[in-house]
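Trainee: Below you'll find the structure I mean.
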Amino acid sequence: MSNNDGSLLDSDFLNKNPMEIFQQWYNTAKVYEPKSFPLFTLSTVDEMNKPHSRTMALVKYDLNGFKFCSNGNSPKANHLRNNQFASLCFYWPNCQRQVVVEGTTEEMPRHQVEAIFANGTNIEGKITNIALEFQSEPIASYDYVNEKREEIGRWMLFNANSLPCPGYIVGYNLIPDKIEFLKFNENYAHERIQLRRNDDKTANSGNESWIFQWLTP
Numbered sequence: 779m780s781n782n783d784g785s786l787l788d789s790d791f792l793n794k795n796p797m798e799i800f801q802q803w804y805n806t807a808k809v810y811e812p813k814s815f816p817l818f819t820l821s822t823v824d825e826m827n828k829p830h831s832r833t834m835a836l837v838k839y840d841l842n843g844f845k846f847c848s849n850g851n852s853p854k855a856n857h858l859r860n861n862q863f864a865s866l867c868f869y870w871p872n873c874q875r876q877v878v879v880e881g882t883t884e885e886m887p888r889h890q891v892e893a894i895f896a897n898g899t900n901i902e903g904k905i906t907n908i909a910l911e912f913q914s915e916p917i918a919s920y921d922y923v924n925e926k927r928e929e930i931g932r933w934m935l936f937n938a939n940s941l942p943c944p945g946y947i948v949g950y951n952l953i954p955d956k957i958e959f960l961k962f963n964e965n966y967a968h969e970r971i972q973l974r975r976n977d978d979k980t981a982n983s984g985n986e987s988w989i990f991q992w993l994t995p
């Protein structure tokens, strides 16, 4: 199944906040990409300016930015401590759409992170998060992962199945300064519209401090 509801129009972007446009595209992706709609590729840069990418899940979004959580002992967390700039890429093939976001990350308040963890419904994912304090560490075999998860399972039996949020789980809010909306076309003449915070006289005025501009495919 695919969804391609026509060409992009200036009127779809003029005088609109890009987060509101993202919400429309995201809601469409929920219908046509029911399993993968919240997934995105997070790209960060290490201290040697080498890029690193990995797939993450969006926790929530609002007018202030895009929220996601991670292990604070992970390479990506180290990257973001040293360089707050990051990029997100949402790819929805069934919708023939892509959204690329660039911006600055900030850590979320602890109480918000704990609330997100407490409200999460993926119990198995929580067990893994609690069992493995250090991410991307070398291990002898995958048996180590299973053993650590089993330890948490036994611990839960004596603690009313409670799963407290580990202190090393951190949340991030990416504040966008540039968002690109792309619609794929079979002739490769893809339609790309970029909204960014900038005072560029050649661009079209948008909502508040946002302006939009067409880009070549």
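So for the sequence shown, my numbering puts the first residue at 779; every next one is plus one. Virtual Cβ for every residue (Gly too), placed ideally from N, Cα, C. As the structure is a prediction and not an experimental result, all values here were calculated from the model.
Candidates Tyr966, Ile957 and Phe962: which alpha carbon is nearest Gln991's?
Mentor: Answer by Cα proximity: Ile957.
Trainee: Under three-state DSSP, which class holds Glu928?
Mentor: If DSSP states are grouped into helix, strand and coil, Glu928 belongs with the helices.
Trainee: Measuring alpha carbon to alpha carbon, tell me which residue in Gly784, Phe800, Thr822 and Cys847 is nearest Gln890.
Mentor: Selected option, being the one with the closest Cα: Cys847.
Trainee: So, are the CB atoms of Asp955 and Gly881 less than 8 Å apart?
Mentor: In this structure, Gly881 lies closer than 8 Å to Asp955 by Cβ.
Trainee: Mind the definition here: the region 851-868 touches the region 899-906 only if three or more C-beta pairs lie below 8 Å; say whether that holds.
Mentor: No: the two stretches stay apart, fewer than three of their Cβ pairs being nearer than 8 Å.
Trainee: From this set, Cys873, Glu928 and Gly843, which residue's C-alpha is nearest Phe962's C-alpha?
Mentor: Looking at the Cα atoms, Cys873 is the closest of the given residues.
Trainee: Bridge partners of Thr833, per DSSP?
Mentor: Thr833 is bridged to Thr819.
Trainee: Tell me whether the beta-carbon of Gln913 lies closer than 8 Å to the beta-carbon of Ser852.
Mentor: Contact flag set, yes.
Trainee: Would you call the region 828-840 in contact with the region 796-808, where contact means no fewer than 3 C-beta pairs closer than 8 Å?
Mentor: Touching, per the Cβ criterion.
Trainee: For His968 and Pro995, which I take to be in contact (beta-carbon distance under 8 Å), what is that distance rounded to the nearest angstrom?
Mentor: At roughly 4 Å, the Cβ-Cβ gap stays under 8 Å, so His968 and Pro995 are in contact.
Trainee: Let me check understanding here. Comparing Cα to Cα, which of Leu792, Asn793 and Pro816 lies closest to Trp803?
Mentor: With distances taken between Cα atoms, Trp803 lies closest to Pro816.
Trainee: Can you grab the Cα-Cα spacing for the pair Glu925 / Val948, in whole Å?
Mentor: Rounded to the nearest angstrom, the two C-alpha atoms are 24 Å apart.
Trainee: So which of Ile989, Thr883, Trp870 and Lys808 has the shortest CA-CA distance to Ile953?
Mentor: The candidate whose alpha carbon is nearest that of Ile953 is Thr883.
Trainee: Of all the beta strand (DSSP E) runs that stay within the bounds of the region 830-898, which reach a length of 3 or more residues?
Mentor: 838-840, 843-849, 863-870 and 875-885, all fully within the region 830-898.
Trainee: Could you give the DSSP three-state label for Asn805: helix, strand or coil?
Mentor: In the structure shown, Asn805 sits in a helix (DSSP, three-state: H, G or I).
Trainee: Given Trp870, which residues of its chain have a CB within under 6 Å of its CB, disregarding the five upstream and five downstream residues?
Mentor: Contacts found: Ala807 and Glu811.
Trainee: Helix, strand or coil for Pro796 per DSSP?
Mentor: Pro796: helix per DSSP, three-state reduction.
Trainee: How big is the Cα-Cα spacing for Leu973 and Gln876?
Mentor: Looking at the two C-alpha atoms, the distance is approximately 14 Å.
Trainee: Beta-carbon within less than 6 Å of Gly850's beta-carbon, same chain only, minus the 5 sequence neighbours each way: which residues are those?
Mentor: Within the same chain, Gly850 has close Cβ partners Tyr946 and Val948.
Trainee: Between Ile905 and Arg927, how many whole angstroms is the CB-CB distance? I'm expecting something under 8 Å.
Mentor: About 5 Å separates the two Cβ atoms, so the contact holds.
Trainee: Can you tell me whether DSSP reads Glu825 as helix, strand or coil?
Mentor: Three-state result, Glu825: coil.
Trainee: Using the beta-carbon count (16 or more within 10 Å), is Phe791 buried or exposed?
Mentor: Buried, since its Cβ has 16 or more Cβ neighbours within 10 Å.
Trainee: Span of the beta strand (DSSP E) holding Lys961?
Mentor: Per DSSP, Lys961 belongs to the beta strand (DSSP E) from Ile947 to Lys961.
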